[in-house]
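Count the sequence shown with numbering that gives the first Met the number 0 and you get residues 0 to 197, in order. For reference, the structure is listed below as structure tokens.
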Amino acid sequence: MLKRLICTLLVFTIILVFGMTAFAAPTESATTTPAATMQVTPSFTPSVETEVSTSLEDILMEVTDDTKQWLVTITRPDSDTDSTYKSSYVISGVSDYTDVTVVLQVYDEESESYVPMENTDGESTWEIGSFGVFSKELQLTEGENKIRILAYRTSQNDWKVDDIQVNKFTVTLLKSGIKDLFKGVVDFTLNALENFKF
């Protein structure tokens, strides 16, 4: 009976310790809507002459700072950083507009810029459509995946920097070795408790 009690307490303690970070209390900035507290500070401000001639692709490549989520509300990831052991990851969002196009990009270390990232359907750009919802599955590479989601209204034809929504997220694909290490520690502890005689 004592052995079961100790084993149960040990398992409960392990779950409690590893679960603390997952259920941490929100910080002051997270108690309000994070997107609402961000300010739009575009890094590219074209002059009046270049506004008309600047194409949408040029603007998408020049805008680098996060903006508030006013066209599309990103529902997953629900924070700026996330980590997973699975190589596939689903991003999703909702919009009140039916004419929104979403562009998916990932940071390329070699070129030091964002490049198109294709989802599992082979798309890096898609329209949200009449339902106002999107959900796309991505294949992650091991380590940090710095993802940038851009959104703009397709009904608009004279885009400016302020017309583009930009949100950046970092999703880390963890090595399975870390997961196996924790499993090994738990198995070792449980095995030691089984062999321990009172």
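Heads up, the beta-carbon is just placed ideally off N, CA and C, and yes, glycines get one too. Just so it is clear, the structure is predicted and the values come from calculations on it, not from any experiment.
By a beta-carbon distance limit of 8 Å, valine 99 does not contact glutamate 122. Their separation comes to about 15 Å. Isoleucine 5 sits exposed, since fewer than 16 C-beta atoms from the chains shown fall within 10 Å of its C-beta. DSSP, read as helix, strand or coil, puts glycine 128 in coil.
In this structure, DSSP gives threonine 7 a helical state, which the three-state scheme calls helix. Look at the beta carbons and you see the region 184–193 not touching the region 83–103: under three pairs across the two are nearer than 8 Å. Linking asparagine 156 to asparagine 118 through their CA atoms gives a straight-line distance of about 26 Å. Secondary structure of asparagine 156 (DSSP, three-state): coil.
In the structure shown, leucine 1 falls within a helical segment according to DSSP collapsed to helix, strand and coil.
Around the C-beta of valine 102, 16 or more other C-beta atoms lie within 10 Å, and the residue is accordingly described as buried. Per DSSP, the beta bridge partners of glutamate 143 are Thr171.
Buried is the label assigned to arginine 147, since at least 16 other Cβ atoms lie within 10 Å of its Cβ.
Residue state for phenylalanine 195 is assigned as coil, using DSSP reduced to three classes.
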